[in-house]
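Some notes on the structure that comes next.
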Amino acid sequence: MRIHCKVVVIAVCFGVFLLLYFLGGNAADDPLLNEVAEEGSNSSRSPPELGRDVAAKLAKKSSARDGVRAEEPLRRRKEGKAINRAASANAKSKPRNNMARPVTRRKRAEEVMHLAVVACGNRLDETLAMVKSALLFSLKRIMFHIFAEDPLAPQFKERLNQWPRSVSAKFQYRIYPITFSVGNADEWKKLFKPCAAQRLFLPVILKDVDSLLYVDTDVLFLRPMDDIWSLLKSFNSTQLAAMAPEHEVPKIGWYSRFARHPFYGVTGVNSGVMLMNLTRIRSTMFKNSMIPSGLSWEDILHPLYQKYKNHITWGDQDLLNIIFHYNPECLFIFPCQWNYRPDHCMYGSNCKGAEEEGVSILHGNRGVYHDDKQPAFKVVYDAIREFPFEDNMFQSLFYPIQTKFLDTVNTLCGRVPQVFLKQIEKTMRKVFEDKVVRHVRPHK
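With UniProt numbering applied, the sequence shown covers 1 to 444.
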């Protein structure tokens, strides 16, 4: 009898073992089995009683699982029907024109800066150096509006199309013929310098352009054009153009000593760098000494010229001074470092902004890029003109300027090298950091 009981116990235990084995990994974590295991380890009952309890509990658990599995699809079907009924009710309660529509995210249009220049005679290389300086440092794309005499137009196209693709991707250009909408074209063309009066007609010709920066051909950017372009946001509600003073010291200024016509402020303004909101210019009636009701920009130019043509020396710049003399609320004045000329250093350094921040825009009037009267200006012009695109700026641009400046320290403008070098060095460091440093940062 004892042998028979032992056989039964062994058979029951073996059966429990097989059952546990076939239940697999999920059953291993089953709380019931854990409970049975705990009871088995803590119980003082005999093996036959333990085997019978285990079998009973396992059977009960299996029956409970089968019941849950059978009820689960039914419960899900009921929930699904309830959700469908609720959705149907909501759809009926909402008007059809409020149905959800796919939302498409519009890509923000890239801001483009507009720059105009007028080139006649032998100004091809000088103009291309200006364009090059603008592209070297600027961040946004630039649209160049180039007004040129007929013989120069194909030369501009040929030279600009030869620039590397990496550079041409940063700009677009359009070439315009020299045209004057009012008055005698030959008379306008000979006013002061060849074609210089063309700038007066930019608001009339560029009707689709909202804002514009005009510069003379002898201008060089030593910092991003973006920075002067941002001054448009500083205009108040009446301002529509921005220029720098003609001089910083009234006692030695030309207008304050020699002008025979009205001019802006105390020293007049220089039109070599002129930032304009063309939309405002086109919509403004300008006060004047001829017609009390005011005249539009296009209508004021010719009668103003006819009245003062025997009293003006600097041509179109004098006409601009007369216009803003009667409309001072329309003009925004930016500091001298944005239009730095030989006059700011040949009579002693008198541009405080350039001494503190460096020159932002270099204006080489008086022909100083092409003679040896002010070699400090010529050093900068030659370095930018000869700089190969895509070369290292510090090695091929800044260091040559810095080295050649040593030969100018005994000249009037060469005595203040920091004025010429401070801003361009700062600009190059920023370009270097933006284009190089950020691309070689170690991955975290």
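Even for Gly, the Cβ is constructed at its ideal location relative to N, Cα and C.
Under 7 Å between C-beta atoms of residue i and residue j
| i | j | result |
| --- | --- | --- |
| F420 | V359 | yes |
| P342 | Q374 | yes |
| L124 | L152 | yes |
| L275 | L206 | no |
| S138 | D226 | yes |
| A242 | F334 | yes |
| A376 | G414 | yes |
| L202 | A116 | yes |
| L362 | Y340 | yes |
| K287 | Y326 | yes |
| I146 | I175 | yes |
| N350 | V416 | no |
| Q402 | R223 | no |
| F398 | M428 | yes |
| F324 | Y381 | no |
| V204 | S181 | yes |
Nearest residue (CA-CA) to residue i, options the options
| i | options | result |
| --- | --- | --- |
| E298 | T411, V131, R280 | R280 |
| H114 | D208, K193, D186, W188 | D208 |
| H302 | A185, T411, G348, I146 | A185 |
| F156 | V112, S181, N122, Q402 | N122 |
| S283 | C195, M143, T238 | T238 |
| K309 | S349, A259, E355 | A259 |
| K426 | F394, H261, F324, E126 | F394 |
| E126 | T411, N392, N365 | N365 |
| K307 | E329, H344, P262 | P262 |
| L240 | K251, L331, W188 | L331 |
| N236 | S396, P328, K378, V380 | P328 |
| K140 | C120, Q172, W163 | Q172 |
| M143 | L232, G315, E357, E110 | E110 |
| A129 | L231, P194, V379, K430 | V379 |
| H344 | S396, M285, P292, L412 | L412 |
| E357 | Q418, E187, V409, K189 | Q418 |
| residue 445 | D407, D371, W314 | Any answer about residue 445 is impossible in this case: the structure gives the chain only from 1 up to 444. |
| T408 | D372, R257, K251 | D372 |
| D391 | V266, C120, P164, G253 | P164 |
| C120 | D150, V112, A354 | D150 |
Buried or exposed by the 16-neighbour rule on C-beta atoms within 10 Å, applied to residue i
| i | result |
| --- | --- |
| E433 | exposed |
| A244 | buried |
| V368 | buried |
| M290 | exposed |
| W229 | buried |
| Q337 | buried |
| N270 | buried |
| E386 | exposed |
| A169 | exposed |
| E246 | buried |
| E49 | Any reading at E49 must be qualified, since the residue scores a pLDDT of 47, below 50, and its modelled position is unreliable; no value is offered. |
Test: residue i CB closer than 7 Å to a CB of chain C
| i | result |
| --- | --- |
| V379 | Looking at the structure shown, chain C is missing, and only one protein chain is on hand. |
Supposed contact pair residue j and residue i - C-beta distance, whole angstroms, cut 8 Å
| i | j | result |
| --- | --- | --- |
| I312 | L319 | 7 Å |
| A148 | F221 | Not a contact, Cβ separation roughly 20 Å. |
| G268 | V219 | Their Cβ separation, rounded to whole angstroms, is 19 Å, which puts G268 and V219 out of contact at 8 Å. |
| V131 | R199 | About 17 Å; that fails the 8 Å criterion. |
| L278 | S211 | 6 Å |
| L295 | I322 | Actually they are not in contact, since the Cβ atoms of L295 and I322 sit about 12 Å apart, beyond 8 Å. |
Contact test: residue i Cβ vs the ligand NAP heavy atom, cutoff 6 Å
| i | result |
| --- | --- |
| P203 | Absent from the structure shown: the ligand NAP. Ligands present: none. |
Strand pairing of residue i, partner residues [DSSP]
| i | result |
| --- | --- |
| Y340 | L362 |
| G348 | M346 |
| P245 | V269 |
| M274 | Y214 |
| M333 | The question names Met, but residue 333 in the sequence shown is Ile. Answer is M243, bridged to I333. |
| H145 | A116, R174 |
| V219 | H363 |
| F286 | L295 |
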